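*Asks:* Residues 1 to 161 (UniProt numbering) are what the sequence shown spells out, left to right. C-beta: ideal position from N, C-alpha, C; glycine also. All figures in this text were calculated on a predicted structure; none of them were measured in a lab. What follows is a structure written as structure tokens; I'll ask about it next.
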Amino acid sequence: MAEMEQFQPGLLETQIEWFKNDISKTNKKWKVVLMHKDVLTYAFKNRTDRQEGISDIGQAFMPLFDQYGVDAVLTAHLHTYRNRGHIQNFGRDARGPLYILTGVAGNVRYPELWADHSLDMTVAPQPETDNYMTLEVSGNTLRLAAFLPDGKQIDKVEIKK
Numbered sequence: 001m002a003e004m005e006q007f008q009p010g011l012l013e014t015q016i017e018w019f020k021n022d023i024s025k026t027n028k029k030w031k032v033v034l035m036h037k038d039v040l041t042y043a044f045k046n047r048t049d050r051q052e053g054i055s056d057i058g059q060a061f062m063p064l065f066d067q068y069g070v071d072a073v074l075t076a077h078l079h080t081y082r083n084r085g086h087i088q089n090f091g092r093d094a095r096g097p098l099y100i101l102t103g104v105a106g107n108v109r110y111p112e113l114w115a116d117h118s119l120d121m122t123v124a125p126q127p128e129t130d131n132y133m134t135l136e137v138s139g140n141t142l143r144l145a146a147f148l149p150d151g152k153q154i155d156k157v158e159i160k161k
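Right, dumping it as structure tokens:
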């Protein structure tokens, strides 16, 4: 988001206010956030000019996801599948939201770019190919699963309330 400030000053603050206003009005059992930019920053493989960490978007929104009781956060942008598990206060914590980087879409691949992040729990088989996810709610259970195009399941996770 910092890179967007030069084009649209105040955009981050506007999005934060929208999020707070929108989520505070819901009375739904499950709170799932979909967002394009990822909450983590990945180091580059075989390079030292960027280290892993929390992205500017993550710094801004992850505390809000904790505060408002978000159950799952599905991100994109990096064209790779990574299940980070539950994170709260920027670290592994079962009380926090489940974070999943949803995977490859389109024909863009970065097979030699991203190093594994210390918060990654599941990474798609490499070299990475297309994948898809399903999300199912049944009563007190939210199930998410990731599959390769041939139907082979590469990950699954459940959240229970």
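Using a Cβ distance threshold of 8 Å, determine whether the region 5-22 contacts the region 80-91, with at least three qualifying pairs required.
*Replies:* Touching, no, given that fewer than three Cβ pairs across the two stretches are closer than 8 Å.
*Asks:* How big is the Cα-Cα spacing for R109 and E128?
*Replies:* So the alpha carbons of these two residues sit roughly 8 Å apart.
*Asks:* Among the residues of its own chain, which have a CB less than 7 Å from the CB of W30, if the five just before and after it don't count?
*Replies:* For W30, where only same-chain residues beyond five positions count, the Cβ hits under 7 Å are D71, V137, L142.
*Asks:* Tell me the DSSP secondary structure of K20 in three-state form.
*Replies:* Three-state DSSP puts K20 in a helix.
*Asks:* Residues in its own chain within less than 6 Å of I87 by CB, not counting five upstream and five downstream?
*Replies:* These residues qualify, in order along the chain: G96, Y99.
*Asks:* Quick one: Cα of I159 to Cα of Q51, how far?
*Replies:* In a straight line, the C-alpha of I159 is about 31 Å away from that of Q51.
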